[in-house]
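For the sequence shown, the positions run 189 to 364 when our numbering is used. For every residue, glycine included, the Cβ atom is placed at its ideal position computed from N, Cα and C. Worksheet: one structure, shown below.
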Amino acid sequence: MALDIDGKIYRVTKHQHVKPGKGGAYTQVEMKEIKTGNKINRRFRAAESVQKAPLGPDQFFQFLYHEGNKLVLMHNSTFEQMEVPRDLFSERQLDFLLEGMTLTLQIVEGDVLWANMPENVTLAVTKTTAKGVADTALSVKDATLENGAVVKVPLFIEVGNQVRIATEDGSYVDKL
């Protein structure tokens, strides 16, 4: 969600509805200003109204490659290439950014508000820790995936297995 406050566009990064025992309800919002990247916290009372930013439809891009601190993407229908900053994604998400992956971007006034990648990615396991080295108390072990990322997987996962991993935090989802 994006808000237009005093002519500036902010992306809402966190929000929490609070109803204290005494006083009126409010929503605590953490936002990031799109052009400068400055983060602010603001409290909106229940009676207050806010204006949503005028958003267009999501646009779909294909990830091509990394170039320094930028990611090079290609628009799926116009085939135009564009560069976006790497910091649109967390470092953990960048571990799972694969060549050819479709990303969803929200662009307003030429600025990228946000970029989303698929929730899960399927990768092959290329290496796992030995059974004796695994953390049997938690029933997990380390596994290296075909892209080089290391994740925690259940003890029954073996080299060659295809696993689905959540791109947000790198957690194991299931075995295919």
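Checklist entry - CA-CA distance, glycine 211 and glycine 244? => result 37 Å
Checklist entry - Buried or exposed: where does aspartate 283 fall if 16 or more other Cβ atoms within 10 Å of its Cβ makes it buried? => result buried
Next on the checklist: Only counting the same chain, and skipping five residues up and downstream in sequence, which positions put a Cβ closer than 6 Å to that of glutamate 218?
Outcome noted: So the list reads Thr201, Lys202, Asn229, once near-sequence residues are dropped.
Next on the checklist: Per the DSSP calculation, phenylalanine 188 is bridged to which residue(s)?
Outcome noted: The chain is shown from 189 up to 364; residue 188 falls before or after that span and cannot be answered.
Next on the checklist: Quick check on this structure: which residue in Leu343, Ile345, Gln350 has the alpha carbon closest to the alpha carbon of asparagine 335?
Outcome noted: Gln350
Item to check | Short Cβ contact (9 Å threshold) for isoleucine 193 with valine 296 | outcome: Contact check for isoleucine 193 against valine 296 fails: the beta carbons are separated by 9 Å or more.
Item to check | Nearest to threonine 290 (by Cα), restricted to the options Asn304, Val300, Leu343 | outcome: Asn304
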